[in-house]
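Novice: Shown below is the structure under consideration.
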Amino acid sequence: MADPRAISEKNYWQAAPDAVLATLASTPTGLSSIEAARRLRTLGPNLLHARPQLAAWRSLLAQFKNPLVLILIFASITSAFLQEWVDATVVLLVVLSSTGLSFWQEHRASKAVEELRARVKSKATVLRDDKPQTIVAEEVVVGDIVLLAAGSLIPADGLVLIAKDFFVNQAVLTGESFPVEKKPGPVTGTTLAERTNGVFMGSSVRSGTAHVVIVTTGAATVFGQIAQRLTLRPPETDFERGIRRFGALLTQVMLALVLVVFAANVFLQKPPIDALLFAIALAVGLTPELLPTIITVTLAQGAQRMAALGVIVRRLNAIENLGNMSVLCTDKTGTLTLGVVQLDGALDWLGQPSPSLLHAAYLNAFHQTGLSNVLDEAIIAHVQQATATLSPEEKVDEIPYDFVRKRLSVVIQKGGGNRWLITKGAFDNVLAICTAVQTGTTVMPLDDDIRAQLQERYVGWSSEGYRVLGVAVKEMPLQASYTVSDEYALTFGGFLLFFDPPKPGMEQTLADLSRLGVQLKIITGDNRQVAQHLATMLGLPLTGIVTGSQLDELHEEALWHVAGHTTLFAEVDPNQKERIILALRKMGQAVGYMGDGINDAPALHAADVGISVDTAVDVAKEAADFVLLEKNLEVLRAGIEEGRRTFANTLKYIFTTTSANFGNMISMAGASLFLPFLPLLAKQILLNNFLSDIPAMTIAGDNVDPELVQTPQHWDMKFIRRFMVLFGLVSSAFDYLTFATLFWLFQVTPVQFRTGWFVESLMTELVIALVVRTRKPFYQSKPGRLLWISTLIVAGITLMLPYLPMAGVLGLLPLSASLLLALLFITILYVVGAELAKRFFYAKATLR
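Pasting the structure below:
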């Protein structure tokens, strides 16, 4: 077999399909399973980037990319060079322990998330051993024959062998606004747009069917070659934006602190190396260096809990967006309804049962191959249940469904040799191509009076909640193939009535969503009457109804206003769905969209939160941030609550960091300017920071107060800045009380001062986490078990450290009982002061 890159260089699109198959050592019936497995081993998986073999080592090395970590290691080496062996060793051990802890937590979390994502990998249908098989897309190999239909993601670059009304959306590669038709046969062009016989990874099938031979996979594809230049990164989430702004705020404070403290201590003639290490250690103490790890662990644990609820997370940072969602837009079929559609009647144009119409509908549903759907399944199930034998009509051709025509046709050849075109689709779209009506053997011209009767019946049934399709027929001449241009002058045969009842308990689910501050909007392609009937049955407040034709008349600014006040959008097409989503986002809403069809992909991309289901078409699942293992709004409601818990726990770490940590570091910076010695040595600051981070690791699993789950939560940098300043001042006030107690009341030595301050500062960092983790009085909100236990253990270690044999190495020494009691008393006062400050802060925040 030739190398795929060599084949690409030979311009395979200019060669005959048979020649390409021969070059690839493949056949129109595909490869054998044994040969496919061999090629997969030889060429590797169909991935843009090969999986790293040493992922754990790469993750470990990534921990040392933090500039502060590198500076500390450099400082440790410098201390060793100056023969400050103890300081060098302690600093290095603390840095390695901290990075090791981060690596262990992050690696475990990442591994768990990858296992979850593997459950919803894209699939492809290929011919193996002369029969269709569904495999994971990354196992597609060169020479595979891939079967494509509407909604399929194209897994790799290939050449079209067979196609029927086959249209592909390749805008991601070529920028073409509309789907492009693909046909077999050599072409002379060289640009992507000119290769009308080729399909490319990253594109998707809009309509029709095709057999394609895969020519290149993975990084050798066109998509792989230009991936670095494509702007494919999803838009920044609100959560990511908040983290970035918070990081920028702390970076500014940290840089100013390091420069000022280092310069001031050198000016005061303190040892330069000690001053440098002290300044850097202050920066480490101030910086939430565990924030990336805390975020990863928190999100990963949230993803695992959501998976247990039936929600697979494809993009971790979208969990916060799910919790922040204020508007949920969804289709109705299978989401608000059972999705078990039943055919209730096949009626002629007069409204009477018609066996011949039912048979025509069955032939259309049974023989169509372009787009699998529940309506066709309902027709087939109904007929097969009622009829033992079926007529031997043979399919001649098919004109697949598309979202503009909203109908599909098949050409059937009957036993006598006559050919008939049978068309089924949306009532209005079928009626538009009809010129006659039929009852039994009687055919009548379709005049205005009959049209009005048909429309009246259609509206009446729709108002009762039925989904109504039209069926029409036409005798066709013998010809090689049939196209959309043949869909004219048909005879209207009658109506198909389907019913899909609401899901039990859906009223309560909608009430629960409303209680969570999430407004539901229905966006459907169904007609207005059916959608309105369902909304009324569910008790959904109808504050406005807009149809697709009305949307076309609205300018963008007008739509912004209308979208916010409308709860039902009916008879809309895919582009209009996207317009609605964008309009809602423009008005400041956090918008979720739930869809599972080809026509839902644009809206899924446009939404803040894209939600699909495991049974959805590939292109919808690929566009989604979340995939539900069952199409159930109750599952989604639980996911929203979990997203809010995850966001709340992330903020807890930030609040802890910006209260005691910030205050302690600022206090030490100030104290270093008037004390004749450094208040803490660098190794003590780093050890203090490391020990306080151990309970912080457990925040991901902490309990969350119910009121924080009831409403969407958002990043508010002004809120965080005010919180940091207020609690930093409270912390600093008690820090200076501690300094005064140590320096003037007990008149301690420098080593005793550092020991006392080390104990008190670490104790305050531990207790403040228990205070700021809740808006309630801290004693009314129960912490998570791991947070509570880890806090007690670290507190015990803190009190024991000065009395351990290793205390001298750390620059600590035993404290007198009276001094230790004084420090514990200050810690208790700090808890009381922080609790009062918290009540004042949230009371003032409520008034804003």
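Residues in the sequence shown are numbered from 72 upward in steps of one, following the working numbering. Glycine included, each C-beta is placed from N, C-alpha and C at the ideal position.
Give me, in chain order, the residues of the same chain whose beta-carbon lies closer than 7 Å to that of A346; leave out the 5 immediate sequence neighbours on both sides.
Specialist: F333, N336, V337, listed in sequence order.
Novice: Would you kindly check if the distance between the Cβ of A674 and the Cβ of I682 is under 7 Å?
Specialist: No.
Novice: Starting from G681, follow the beta strand (DSSP E) in both directions and report where the run begins and ends.
Specialist: Residues 680-684.
Novice: Given a threshold of 16 other Cβ atoms within 10 Å of its Cβ, counted over all protein chains shown, does A582 qualify as buried or as exposed?
Specialist: By the neighbour-count rule (16 or more Cβ atoms within 10 Å), A582 is not buried but exposed.
Novice: In three-state DSSP terms, what is V50?
Specialist: Outside the shown range of the chain, which is 72 to 919, sits residue 50, and nothing can be said about it.
Novice: Do the region 794-810 and the region 851-866 touch if we need at least three Cβ pairs shorter than 8 Å?
Specialist: As far as the Cβ criterion goes, the region 794-810 does not touch the region 851-866, which means the pair count is below three.
Novice: Less than 7 Å between the C-beta atoms of T618 and R599, yes or no?
Specialist: In contact: T618 and R599 (Cβ atoms closer than 7 Å).
Novice: For T506 versus A560, is the C-beta spacing smaller than 7 Å?
Specialist: Yes. Within cutoff.
Novice: Using the beta-carbon count (16 or more within 10 Å), is W828 buried or exposed?
Specialist: Answer is buried; the Cβ neighbour count reaches 16.
Novice: Assign P747 to one of two classes, buried (16 or more other C-beta atoms within 10 Å of its C-beta) or exposed (fewer than that).
Specialist: With fewer than 16 other Cβ atoms within 10 Å, it is exposed.
Novice: From the DSSP output, in three-state form, read off L263 for me.
Specialist: Reduced to three states, the DSSP call for L263 is coil.
Novice: Identify, in the order they occur along the chain, each residue of the same chain with its Cβ nearer than 6 Å to the Cβ of G610, setting aside the five sequence neighbours on each side.
Specialist: The residues are E578.
Novice: Using a Cβ-Cβ distance cut-off of 7 Å, determine whether A264 contacts chain B.
Specialist: In the structure shown, chain B does not exist; there is a single protein chain.
Novice: Note down the Cα distance separating I105 from T406, rounded to an integer number of angstroms.
Specialist: Their backbone Cα atoms lie some 42 Å apart in a straight line.
Novice: In angstroms with no decimal places, state the Cα-to-Cα distance between E394 and I711.
Specialist: The displayed chain sequence assigns Gly, not Glu, to residue 394. G394 and I711: Cα-Cα distance of roughly 5 Å.
Novice: With a CB to CB cut of under 8 Å and the five nearest residues on each side skipped, what residues in its chain are close to S852?
Specialist: Once the five neighbours on either side are set aside, the close Cβ partners of S852 are N774, D776, R844, T845.
Novice: Hey, would you say V830 sits closer than 7 Å to L890, going by beta carbons?
Specialist: Contact flag unset, no.
Novice: Does Q818 come out as helix, strand or coil in the three-state DSSP assignment?
Specialist: It is coil, neither helix nor strand.
Novice: Give me the Cα-Cα distance between W859 and A914, rounded to the nearest whole angstrom.
Specialist: If I take the Cα positions, the gap works out to 27 Å.
Novice: How about the region 555-575 and the region 420-436: do they share at least three Cβ pairs that are nearer than 8 Å?
Specialist: Judged by Cβ distances under 8 Å, the region 555-575 makes contact with the region 420-436, as three or more pairs qualify.
Novice: Would you call the region 378-389 in contact with the region 518-533, where contact means no fewer than 3 C-beta pairs closer than 8 Å?
Specialist: As far as the Cβ criterion goes, the region 378-389 does not touch the region 518-533, which means the pair count is below three.
Novice: V501 and A543 - do their beta-carbons sit closer together than 7 Å?
Specialist: Taking 7 Å as the Cβ cut-off, A543 and V501 qualify as a contacting pair.
Novice: Should V662 and D679 be called a contact, given that it needs their Cβ atoms to be closer than 7 Å?
Specialist: It is a contact, given that the beta carbons lie within the stated cut-off.
Novice: Report the rounded CA-to-CA distance for P873 versus A709, giving the unit in angstroms.
Specialist: Roughly 48 Å separates the two Cα atoms.
Novice: CA-CA distance, H636 and I651?
Specialist: Each residue's alpha carbon lies about 12 Å from the other.
Novice: Within 8 Å, do at least three Cβ pairs link the region 275-292 to the region 207-223?
Specialist: These segments touch.
Novice: Within 10 Å of its beta-carbon, does P876 have 16 or more other beta-carbons around it, so buried, or fewer, so exposed?
Specialist: Exposed: under 16 other Cβ atoms inside 10 Å.
Novice: Nearest CA to the CA of K723: which residue from L841, V698, L808, D644?
Specialist: The shortest C-alpha separation from K723 is found at L841.
Novice: What separation, rounded to the nearest whole angstrom, lies between the Cα atoms of E906 and I616?
Specialist: Near 50 Å, if we compare the C-alpha coordinates of I616 and E906.
Novice: Can you find the residues in the same chain that come closer than 7 Å, C-beta to C-beta, to A52, ignoring five residues on each side of it along the sequence?
Specialist: Given that the chain is displayed from residue 72 to residue 919, the structure contains no residue 52 and the question cannot be resolved.
Novice: At 3 residues or longer, what runs of the beta strand (DSSP E) sit wholly inside the region 366-436?
Specialist: Complete beta strand (DSSP E) runs here, min 3: 382-384, 398-401, 413-418.
Novice: First and last residue of the alpha helix (DSSP H) that includes R586?
Specialist: Run containing R586: 577-586, per the alpha helix (DSSP H) assignment.
Novice: Go ahead and pull the three-state DSSP assignment for M515.
Specialist: Three-state DSSP puts M515 in a strand.
Novice: Name the DSSP bridge partner or partners of I493?
Specialist: V481, V544.
Novice: Three-state secondary structure (DSSP) at R277?
Specialist: DSSP places R277 in strand when its eight states are reduced to three.
Novice: Under three-state DSSP, which class holds T812?
Specialist: Three-state result, T812: helix.
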